[in-house]
Amino acid sequence: MAVVEVEGLRKRYGGTVAVDDVSFTVEHGEIFGIVGPNGAGKTTLVECVEGVRRPDAGRISVLGLDPLRDRARLRQVMGAQLQGGGLPDKLRVGEAVSLYRSFYADGADPGRLLDELGLAGKRDTAFEDLSGGQAQRLSIALALVGRPRVAVLDELTTGLDPRARRGTWELIERIRDTGVTVLLVTHFMPEAERLCDRVAVIDRGRIAALDTPGGLVARAGTGLERATLEDAFLALTGRAPEEEAG
Ligand SMILES: Nc1ncnc2c1ncn2[C@@H]1O[C@H](COP(=O)(O)OP(=O)(O)OP(=O)(O)O)[C@@H](O)[C@H]1O
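As structure tokens, then:
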């Protein structure tokens, strides 16, 4: 069953075409990766799926809901990661998670979630006093506290140390195993390789390739004996994951 359906999506900002005729579907229980160089249109694309941006053209359906028309209902079933600096400085970690929990009829246990994300000891710490990695983990907790059926995670593990990153990957896999569908935007190719069932490579607003990580490596024809997804990304886009789309 398709949980997310995107068809013919277009979005421009003035003279900049950010998303240019993008179509894909995400199946129930999939971890679907969206990768691409800086400025490729990934965030614009997922913001349209979240209903926080209005597309110029195209159709989007998430669990049968229209992200703009059915925004209130979508919020109950979709979790999205906060983008940088999205909380009041003085709000404490425990308060933030309980507050977000209160928005949902059927949410997760805040204490358990903080435990799983290694934040149990930070419950009384104000947002302004968290390290970058801790704030990042809090943003993941807030995306998951409503026990969403679809989670949109943008730069999931950016800024996390290797241990926290692995812990977060395991958490996302456990969440997926409970039937949650995950849309994951990432610049980090080992993350996409490890977590994603399928990956869309976005380049200059269009899907350059869409396949399993193994399929992308095979089709990119890197000529390397042990090619990785990063090699495939370079071959498909001509750029490194952190380079500008130009
Ligand atoms: N609010 C905006 N107003 C004008 N142009 C914008 C706006 N948001 C994004 N853009 C432009 O649209 C294009 C796509 O941006 P977007 O943020 O969607 O890319 P991205 O793939 O998420 O990039 P990154 O990997 O750097 O986060 C870029 O050229 C960007 O400069």
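Residue numbers for the sequence shown follow the numbering used here, beginning at 1197 and rising by one.
Every residue, glycine too, gets a C-beta built ideally from N, C-alpha and C.
Hey, could you find the ends of the beta strand (DSSP E) residue i is sitting in?
i, result
"threonine 1408", "Neither: threonine 1408 is in no beta strand (DSSP E) and is coded neither H nor E."
"methionine 1274", "1274 to 1276"
"serine 1219", "1212 to 1223"
"valine 1395", "1394 to 1399"
"leucine 1379", "1377 to 1381"
"leucine 1338", "Per DSSP, leucine 1338 belongs to no beta strand (DSSP E); it is in the alpha helix (DSSP H), 1328 to 1340."
"leucine 1349", "1346 to 1350"
Is the distance from the Cβ of residue i to the Cβ of residue j below 8 Å?
i, j, result
"valine 1348", "valine 1245", "yes"
"arginine 1206", "aspartate 1252", "yes"
"valine 1289", "valine 1341", "no"
"arginine 1447", "aspartate 1217", "The structure shown does not extend to residue 1447, since the chain spans only 1197 to 1442, so no value can be given for it."
"aspartate 1350", "valine 1242", "yes"
"glycine 1247", "leucine 1259", "no"
"glycine 1355", "glycine 1329", "yes"
"glutamate 1369", "leucine 1425", "no"
"leucine 1380", "phenylalanine 1228", "yes"
"glycine 1314", "alanine 1360", "yes"
"glutamate 1324", "lysine 1286", "yes"
How far does the alpha helix (DSSP H) with residue i in it extend, from its first residue to its last?
i, result
"aspartate 1311", "1306 to 1312"
"glycine 1254", "Premise fails: glycine 1254 lies in the beta strand (DSSP E), 1253 to 1258, not in any alpha helix (DSSP H)."
"aspartate 1373", "1358 to 1373"
"alanine 1292", "1289 to 1297"
"lysine 1238", "1238 to 1246"
My output table needs one value for residue i: the three-state DSSP class, helix, strand or coil.
i, result
"arginine 1422", "coil"
"glutamate 1203", "strand"
"glycine 1229", "strand"
"arginine 1390", "helix"
"alanine 1322", "strand"
"alanine 1316", "helix"
"alanine 1414", "helix"
"leucine 1261", "strand"
I'd like to confirm the pairing. Which residues does DSSP put opposite residue i in its beta bridges?
i, result
"arginine 1402", "Asp1399"
"arginine 1208", "Val1213"
"leucine 1432", "Looking at the DSSP assignment, leucine 1432 forms no beta bridge with any residue, so it has no partner."
"alanine 1198", "Glu1223"
Going along the chain, which residues put their C-beta within less than 6 Å of some heavy atom in ligand 1?
Going along the chain, the residues that qualify are Tyr1209, Thr1212, Ala1214, Gly1232, Asn1234, Gly1235, Ala1236, Gly1237, Lys1238, Thr1239, Thr1240.
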